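Working notes, beginning with the structure itself.
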Amino acid sequence: MHAQFVLFDGFDPLDVIAPYEVLSAGGAASAGAVSVELVSAEGPREVVSGTGGLALRATAALDPGRPGLIVIPGAAGRIGDPGETPDHDAGAGQTPQGDTIPVLLGRTLATELPALLRAAMESPDVTVSAVCGGSLVLAMAGLLEGRCATTHHMGLDMLDATGAHAVSARVVDDGDLVTGAGVTSGLDLGLYLLEREVGPRIAHAVEELFAHERRGTVWRNEGPEPAGF
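Going left to right, the sequence shown walks through residues 0 to 228 as numbering that gives the first Met the number 0 numbers them.
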């Protein structure tokens with residue numbers, strides 16, 4: 000399984016690094032069954048995060064047709080006021096510190112990323128995954144209508160308003176779409192993907208290595224509806 004981690008200007012570093020390290024360790028534990036790569040819609044470049052100017056380098060362009068996994072992070076910035084709206088005008092590489100999270104997420108709509116993600120979601124060989132506000136990147140691009148997904152608890156209403164079925168769970172498995180909630184859920188998301196795609200023994204070995212026990216039940220749209228409590 001090859002995992003492409005998408006970087007965009009203003010991304011949240013922990014959304015990327017947590018599952019990146021988990022899947023990288025899974026690759027080592029499985030004798031190379033998993034490989035990881037940092038990519039961007041624009042190709043190889045330094046991508047500045049929304050946290051203190053920290054930058055990571057994308058080494059390739061996102062390939063939406065490559066079989067495997069694509070992981071989209073959320074953004075890091077100010078929470079913002081309810082009346083603030085996304086700014087779609089800034090181009091790649093323009094990430095003024097102090098922008099709000101909705102602004103940073105909204106700017107992805109002015110890049111090639113939405114078209115690439117649409118192509119990825121149409122490919123039967125690709126599983127698209129998102130951490131935190133990464134689900135909102137997909138939703139704002141019109142790609143989650145009718146799909147079950149989660150995001151940071153502060154963004155669940157916005158996710159629901161896009162036509163997605165917002166689920167208040169730490170990890171939501173909707174087949175070829177797997178999403179994680181708040182920032183640290185990237186660890187749980189990565190471990191779940193390892194378990195699902197490579198096997199529970201590999202996931203358990205990485206869980207022990209990282210001294211991290213997964214939280215919550217992975218939500219799937221299966222089984223009987225719960226009765227009211």
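For every residue, glycine included, the Cβ atom is placed at its ideal position computed from N, Cα and C. Keep in mind the model is a prediction, meaning the values are calculated, not measured.
Rounded to the nearest whole angstrom, the CA to CA distance from I69 to V125 is 7 Å.
Comparing alpha carbon positions, the residue from G133, E207 and A119 closest to D14 is G133. DSSP, read as helix, strand or coil, puts L37 in strand. Counting C-beta pairs with one atom in each stretch, the region 0–8 and the region 49–67 have three or more that are closer than 8 Å, which means they touch.
In the structure shown, H203 adopts helical secondary structure according to DSSP, grouped into three states.
Distance from the CA of E224 to the CA of L208, rounded to the nearest whole angstrom, comes to 36 Å. A distance below 8 Å between beta-carbons, with the five flanking residues on each side excluded, links R77 to the following residues of its chain, in chain order: G97, D98, T99 and I100.
Among the bridge pairs identified by DSSP, T107 is matched with none. For H211, the three-state secondary structure derived from DSSP is coil. Taking each of L142, T107, L104 and M157 in turn and checking the Cα distance to A118, the smallest one comes out for L142. The DSSP assignment places complete beta strand (DSSP E) segments of no fewer than 3 residues inside the region 133–183 at 170–172 and 176–179, in order along the chain. Rounded to the nearest whole angstrom, the C-alpha separation of T110 and A226 is 44 Å.
In the structure shown, E45 falls within a strand segment according to DSSP collapsed to helix, strand and coil. In this structure, H152 places its C-beta atom within 8 Å of the C-beta atom of S167. Boundaries of the beta strand (DSSP E) harbouring V127: V125 to V130, taken from the DSSP string.
Under the 10 Å beta carbon count, S34 is surrounded by fewer than 16 other beta carbons and is classified as exposed. With at least 16 other beta carbons inside 10 angstroms of its own, P12 counts as buried. According to DSSP, residue pairing for A2 in a beta bridge involves V35 and L68. Under a 10 Å Cβ-count criterion, L190 is classified as buried, with 16 or more other Cβ atoms of the shown protein chains found around its own Cβ. Here the region 203–221 makes contact with the region 154–171; the two share three or more CB pairs at distances below 8 Å.
For the pair A75 and G51, the Cα-to-Cα distance works out to about 10 Å. In the assembly as shown, D156 is an exposed residue. Its beta-carbon has fewer than 16 other beta-carbons within 10 Å. Between the alpha carbons of A30 and I16 lies a distance of about 21 Å.
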